[in-house]
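J.: Count the sequence shown with the numbering used here and you get residues 2 to 400, in order. This is the structure, below, for whatever I ask next.
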Amino acid sequence: MNDSPVEPTPAIQPRAPGLIERVQAILFKPSPTWDVIAPEPASVKSLYLGYILPLAVIGPVAGLLGSVIFTGGFALLISPLLIVGAIFGLVLNLAIIYIMALIVDALAPSFDGRKSFLQAFKLMAYSMTAAWVAALAGLVPFLGWLAMLAGLAYTFYLFYLGAPKLMAVPAGKSVGYTVVVAVISLVLWFVAAGISGAIVTMGTLGAAATYSAAANKAVKVPGVGSVDLGKVEQAANQMAAEASAQANGTTTVTLADPQALLGLMPANYLGAARSDDSTQSGGMGGVSVAEAEAHYVINGNTVELTVTDLGSVSGLGALATAVNVNTSSSSAGGYEKVTTSNGQMVSESWNRDTKQGSYTVVRNGRISVEAAGTVDSIDVLKNLVNGLDAGRLEALSKT
């Protein structure tokens with residue numbers, strides 16, 4: 002008889018997801034993946050080495066290979082600065098992730114969120130997945146910028162979904178939080194692109210010329226949808242004009258009167274009187290938006306209705322519409338989906354267990370209407386949003 006003590010069976014540790022597995026999860030099942038990421042242990046170093054660097058290098062490598070393919074293999078020989086520009090751009094973008102995490106962390110309390118640098122760093126790192134994967138299109142130079150625009154649009158959507166889960170930003174504040182972060186990050190990325198692009202000006206000019214020739218076509222972007230290149234070009238030009246005007250202090254965007262936005266909201270809904278009205282207008286750092294918010298207490302639960310004029314950053318909304326995002330995910334516990342049609346982007350999410358949901362409609366990239374809260378059915382939120390005067394919303398979206 003063997004009297005040797007029995008060794009305890011070691012506890013089975015959950016397997017950490019691999020790089021490809023995590024990329025697929027965040028792109029195609031973002032909401033449940035954010036739920037996994039939120040409590041997941043991580044460090045800045047582990048994220049840089051295990052996730053950010055392997056993906057961030059895609060763009061520079063794809064760009065260099067694309068240059069070789071489309072110039073007969075001589076680009077690397079006659080323009081060694083291409084390599085310098087690519088490396089410099091990679092370093093700048095790695096730095097921007099860290100800087101943006103600091104900004105995301107600092108801004109969180111302004112949107113009723115919770116400060117946590119590590120959570121902010123995780124939010125930026127995983128949100129950027131879409132942009133990094135889209136950079137594969139750099140293998141075909143004239144598609145590189147188009148795919149990047151599509152990738153950025155989905156990146157900001159991922160951020161929008163992740164902000165409430167990682168930074169505890171209320172669902173009703175997530176749109177404004179995302180808009181401010183998006184504008185600041187775009188400015189930083191444009192500066193980085195300008196610095197690294199100045200080193201490889203000839204290649205940039207060649208890509209731009211081909212881009213203009215292709216801008217009247219549409220392409221399919223896996224996981225995103227059909228992209229109207231003409232509309233993307235218009236949105237990009239709009240964003241460039243807005244950024245220039247903001248930088249020069251000459252912006253001419255006229256924001257909707259917040260009281261007019263509040264006036265769109267019904268005084269009563271399903272027997273609940275409108276309450277806790279609030280309005281704000283203005284911005285920071287050249288970002289100008291107007292917003293009205295109100296609450297309805299339905300069956301003891303609060304539903305928050307928010308109407309926002311994206312104003313000086315409406316180019317972001319136009320870009321999202323041009324990219325034609327159409328995506329969905331579902332499980333036994335609920336679903337999330339985004340659809341784009343006829344100049345409108347509609348986003349909805351629903352948790353069957355908690356009865357919590359949100360429903361948002363963005364018209365012509367300019368006016369956003371969102372209802373969020375705990376209700377018996379998602380239809381309560383849909384009917385509230387869709388019950389606002391469509392004609393007045395349409396008019397505001399075109400001012």
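Here a beta-carbon is modelled for each residue, glycine too, at the ideal position from N, C-alpha and C.
When DSSP builds the beta bridges, which residues end up paired with residue 390?
T.: Looking at the DSSP assignment, residue 390 forms no beta bridge with any residue, so it has no partner.
J.: Give the single residue among 278, 347, 121, 104 whose Cα lies nearest to the Cα of residue 298.
T.: 278
J.: Please list, in chain order, all residues of the same chain as residue 95 whose beta carbon is under 8 angstroms from its beta carbon, the five residues on each side excluded.
T.: Cβ within range, chain order: 49, 53, 54, 57.
J.: How would you write the range of the beta strand (DSSP E) that residue 111 sits in, first residue to last?
T.: Where residue 111 is concerned, there is no enclosing beta strand (DSSP E), given that its DSSP letter is neither H nor E.
J.: May I have the straight-line CA-CA distance separating residue 27 from residue 115, to the nearest angstrom?
T.: 22 angstroms
J.: Using three-state DSSP, classify residue 43 as helix, strand or coil.
T.: coil
J.: For residue 156, does the three-state DSSP call read helix, strand or coil?
T.: helix
J.: What's the gap between the Cα of residue 170 and the Cα of residue 178?
T.: One C-alpha to the other measures close to 8 angstroms.
J.: If you draw a straight line from the C-alpha of residue 176 to the C-alpha of residue 363, how long is it?
T.: 11 angstroms
J.: With distances taken between CB atoms, is the gap from residue 38 to residue 190 smaller than 8 angstroms?
T.: Taking 8 angstroms as the Cβ cut-off, residue 38 and residue 190 do not qualify as a contacting pair.
J.: Residue 56 bridges to which residues according to DSSP?
T.: According to DSSP, which records beta bridges pairwise, residue 56 is partnered with nothing at all.
J.: From this set, 334, 385, 33, which residue's C-alpha is nearest residue 354's C-alpha?
T.: Comparing alpha-carbon positions, the option among 334, 385, 33 lying closest to residue 354 turns out to be 334.
J.: Quick test of your reading: residue 180 and residue 290, contact by CB under 8 angstroms. State the CB separation rounded to the nearest angstrom.
T.: 7 angstroms
J.: So residue 256 and residue 389 are in contact, right, with Cβ under 8 angstroms, and what is the actual spacing, rounded?
T.: About 18 angstroms; that fails the 8 angstroms criterion.
J.: Could you check whether residue 153 and residue 59 sit closer than 8 angstroms to each other, using their CB atoms as the reference points?
T.: No, these two residues do not count as a Cβ contact at 8 angstroms.
J.: Just mark residue 29 as buried or exposed, buried being the case when its beta carbon has 16 or more other beta carbons within 10 Å.
T.: exposed
J.: Could you compute how far the alpha carbon of residue 201 sits from the alpha carbon of residue 348?
T.: Reliability of the predicted coordinates at residue 201 is poor, the pLDDT of 46 falling under 50, and no value is obtained from them.
J.: So, for residue 133: in the same chain, excluding its five sequence neighbours on each side, which residues have a beta-carbon less than 8 angstroms away from its beta-carbon?
T.: Around residue 133: 56, 57, 59, 60, 152.
J.: Would you mind stating whether residue 163 and residue 124 have Cβ atoms separated by less than 8 angstroms?
T.: yes
J.: Give the straight-line distance between the Cα atoms of residue 292 and residue 307, rounded to the nearest whole angstrom.
T.: 7 angstroms
J.: Give the straight-line distance between the Cα atoms of residue 105 and residue 166, rounded to the nearest whole angstrom.
T.: 14 angstroms
J.: Quick check on this structure: which residue in 274, 369, 300 has the alpha carbon closest to the alpha carbon of residue 310?
T.: 369
J.: Please work out which residues of its chain come closer than 7 angstroms, Cβ to Cβ, to residue 393, disregarding the five sequence neighbours upstream and downstream, and give them in chain order.
T.: 265
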